[in-house]
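Going by our numbering, 811 is the number at position 55 of the sequence shown; the sequence numbering is gapless. The next block holds one structure in the form of structure tokens; read it before the comments.
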Amino acid sequence: MNGMVTGWRLVGLLGLMLTAMAAVLAIAASTDVEAARLVIRWTARTSLVLFLLAFVASALARLAPGAGSQALIGRRPALGLGFAISHGWHLAGILALAYLDPVLFGQLTNPVTIGSGVIAYLFIAAMAATSSDRAVRWLGAANWRRLHMTGSWYLFLSFVVAFGKRAVVNTDYVPAMILLALALALKVAAAYKTRTNARCAVAE
Ligand code: HEM
757 MNGMVTGWRL VGLLGLMLTA MAAVLAIAAS TDVEAARLVI RWTARTSLVL
807 FLLAFVASAL ARLAPGAGSQ ALIGRRPALG LGFAISHGWH LAGILALAYL
857 DPVLFGQLTN PVTIGSGVIA YLFIAAMAAT SSDRAVRWLG AANWRRLHMT
907 GSWYLFLSFV VAFGKRAVVN TDYVPAMILL ALALALKVAA AYKTRTNARC
957 AVAE
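Structure, rendered in structure tokens:
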């Protein structure tokens, strides 16, 4: 692990890279509306990657214990915060689009997606604000786990719906759906392994 980027350094690096990406997209776009849409689209993708890495870390550690999965577990809080920064830029793009072209914004969204998106952002804020050992002590381990479990599954479903509805009309979105399906398969396999091990321990 020596020499590898961890903790706040990793959060800072991810924040810089995401901010640079948003700036490059904004400069490359031919109009302000296009810039907002590019930022929304690309941050949805960076968010997916960062979210899934944090989401599958514990399942990978159970299925394939070793240095690689432990390194991922150690970086889970930083990846979660990186995801929050990425989705912060998604929100910045959304607000810019709503301001620059309210009619187009109305065509691309509806009250249900806005409502469920607001709930997702409340989870992201709550999870980011409590991603420290101090917050675990303050909330209590059981409440902390409840918040982070519910939030991460809600966000997983948000990605499934957001990419899924696009994948049915545009095959460019199929790779994102494959990544989501693989993550779900890992979670299910890890839960199965835990249950089987627990049964064996009882039988012994
Ligand atoms: C109030 C909250 C939100 C609003 C108003 C919103 C709005 C939008 C809009 C307008 C687009 C289309 C951009 C375009 O086609 O130019 C978009 C794309 C997308 N959003 Fe959001 N969003 C919200 C929250 C979320 C959340 C919480 C997630 C996932 C956890 C998400 C995932 C996505 C995805 C996957 C895309 C497709 C990106 C692509 O085309 O590659 N959004 N969003």
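All C-beta atoms in this analysis are idealised placements derived from N, C-alpha and C, irrespective of residue type, glycine included.
- Selection 811, 850, 847 and 804 evaluated against residue 941 yields 811 as nearest (Cα-Cα).
- If you look at residue 814, you'll find it in the alpha helix (DSSP H) that goes 788-819.
- No Cβ-Cβ contact shorter than 9 Å links residue 808 with residue 945.
- A straight-line Cα-Cα distance of about 31 Å links residue 903 and residue 792.
- In the displayed model, residue 924 falls within coil according to three-state DSSP, outside both helix and strand.
- Going by C-alpha positions, residue 773 is about 14 Å away from residue 805.
- Note on residue 787: under 16 other CB atoms within 10 angstroms of its CB, so exposed under the neighbour-count rule.
- Look at residue 762 here: in three-state DSSP terms it is coil, with no helix or strand label.
- The ligand HEM has no heavy atom closer than 8 Å to the beta-carbon of residue 908.
- If you draw a straight line from the Cα of residue 957 to the Cα of residue 898, it is about 24 Å long.
- Residue 795 and residue 815 do not touch by the CB rule: their CB atoms are close to 31 Å apart, not below 8 Å.
- Your pair residue 840 and residue 880 checks out as a contact, with CB atoms roughly 5 Å apart and the cut at 8 Å.
- Residue 836 sits close to residue 883, with the two beta carbons spaced by under 9 Å.
- Within 10 angstroms of the beta-carbon of residue 802 lie 16 or more other beta-carbons, which makes it buried.
- Non-local C-beta neighbours of residue 767 in its own chain, meaning closer than 8 Å and more than five positions away in sequence, comprise 834, 837, 838 and 841, ordered along the chain.
- When only Cα atoms are considered, residue 857 and residue 780 end up about 21 Å apart.
- Secondary structure of residue 889 (DSSP, three-state): helix.
- Of 901, 937, 797 and 908, the smallest CA-CA separation from residue 846 is found for 797.
- Look at residue 877: its beta carbon is less than 8 Å from one of the heavy atoms in the ligand HEM.
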